[in-house]
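Its first residue numbered 1, the sequence shown is counted upward by one per residue in this note's numbering.
Glycine included, every Cβ here is placed at the ideal spot set by N, Cα and C.
Each remark here refers to the structure printed beneath this line.
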Amino acid sequence: MARMTLSRYLIEEQREKGVITADLKLLIEVVSRACKAISIAIGKGGLGGVLGEAGSDNVQGEAQKKLDVLSNEYLLEANEWGGHLAAMASEEMDLPHTIPHRYPQGEYLLLFDPLDGSSNIDVNISVGTIFSVLKCPEGADLSTPEAAEQAFLQPGTQQVAAGYTVYGPTTLLVLTVGDGVVEFTLDREVGAFVLTRSAMRIPEDTKEFAINMSNRRHWEAPVQRYVEEMQAGKEGPLGKDYNMRWVASMVADVHRIMTRGGIFMYPIDAKTRDKGGKLRLMYEANPMAFLVEQAGGAATTGYRRILDLQPEKLHQRVPVILGSKNEVLRVTGYHG
Ligand code: AHM
Ligand code: MG
């Protein structure tokens, strides 16, 4: 049987199932092309002169790596002229990027974290790109980047597509258009993303957790309790031994959970309370929560379903607990 490429998958979602529009199909293809270019740049590493600091800070005050800047540029340039977008927003840009007047304007809004897990770039550990697609509200004011921010402030339930690319031993694209979760692997010789898994499901139970343990003393009581119970193993109240993994690239940690289950937590803690959390709602938590729910998992802040949150700011941060449903419900229950 012929291989199912990303293009063919999208055509079927559009033509046969009517799940996506022609413009959304184009958008996802363009994002995937930019991700291929990012994958190639990452693959060159030190030989391509792309490692190290860019010498600038982003809006969150974090030092940008050369690859953060490059990945952001690839995504902006690829998506600017196709006529499918109304505006774009990125972790690496203070304000939204509106589409220049010389190009037609489309009906979608694209948000991305161009290179997630940047602290791992220089040490050759998996990093990724995360993206989220919303519809631009009718009549939205896009006359200035400042005004355009308002159009993006929609809850995650409004997403029409979300995905991530993992740049690991293989480059994978994991996607949802609200019709389950599918995985494509980049065939480097052909230059095409080819379907390698469909209808991905996260097992409801797990024995694997992911959290940055160095923050332990800063966590709230419910997370303290949950992690203690997991560490108590077979003899403890949960009655089983757990294993721990923490890549420090959300994409890699979430992909492991997509593949074999697990729970990922970057909860609210005393260190990040003032900022609202560590991870960003609109281009990290929301797309991952959409994917995880589409794969049968759950995603909460500990207190509320992530996808229901009404964003107040583009770069808003949020606590994140996601993955295998029964474990996420357990720890969310501990929050009362
Ligand atoms: P980034 O977008 O600046 O790379 O930060 C997000 C990353 C996530 O990928 C990861 O889960 C987390 O930050 C790791 O944080 P820490 O270094 O505190 O463990
Ligand atoms: Mg990130």
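Let me check understanding here. Comparing Cα to Cα, which of the options lies closest to residue i?
i, options, result
"PHE131", "ALA89, VAL318 and ILE211", "ALA89"
"PHE209", "LEU95, ILE268, ASN243 and ARG217", "ASN243"
"MET93", "ALA192, ASP187, GLN60 and ASP122", "GLN60"
"GLN154", "ASP141, THR332 and LEU314", "LEU314"
Per DSSP, residue i forms a beta bridge with which residues?
i, result
"TYR167", "VAL127 and THR171"
"PHE193", "LEU186"
"GLN159", "Answer is none; GLN159 lacks a bridge partner."
"ILE28", "DSSP output for ILE28 lists no bridge partner at all."
"ALA299", "LEU322"
"PHE209", "MET244 and ILE263"
Would DSSP call residue i helix, strand or coil?
i, result
"ASP241", "coil"
"TYR266", "strand"
"ALA339", "The question about residue 339 has no answer, for the chain in this structure spans 1 to 336."
"SER132", "strand"
"HIS101", "coil"
"THR259", "helix"
"ARG305", "strand"
"LEU314", "coil"
"LEU10", "helix"
"LEU142", "coil"
"LEU95", "coil"
Considering residue i, what are the terminal residues of the alpha helix (DSSP H) in which it resides?
i, result
"GLY333", "325 to 334"
"GLN224", "221 to 231"
"LYS66", "66 to 80"
"GLU293", "286 to 294"
Are the CB atoms of residue i and residue j nearer to each other than 9 angstroms?
i, j, result
"TYR334", "HIS255", "no"
"VAL177", "GLU13", "yes"
"MET200", "VAL223", "no"
"GLN310", "MET282", "no"
"GLN159", "LEU134", "yes"
Give the range of the beta strand (DSSP E) segment to which residue i is assigned.
i, result
"GLY55", "53 to 57"
"TYR108", "108 to 116"
Would you please verify whether the beta carbon of residue i is less than 9 angstroms from any beta carbon of chain B?
i, result
"ASP94", "The chain inventory of the structure shown lacks chain B, comprising one protein chain alone."
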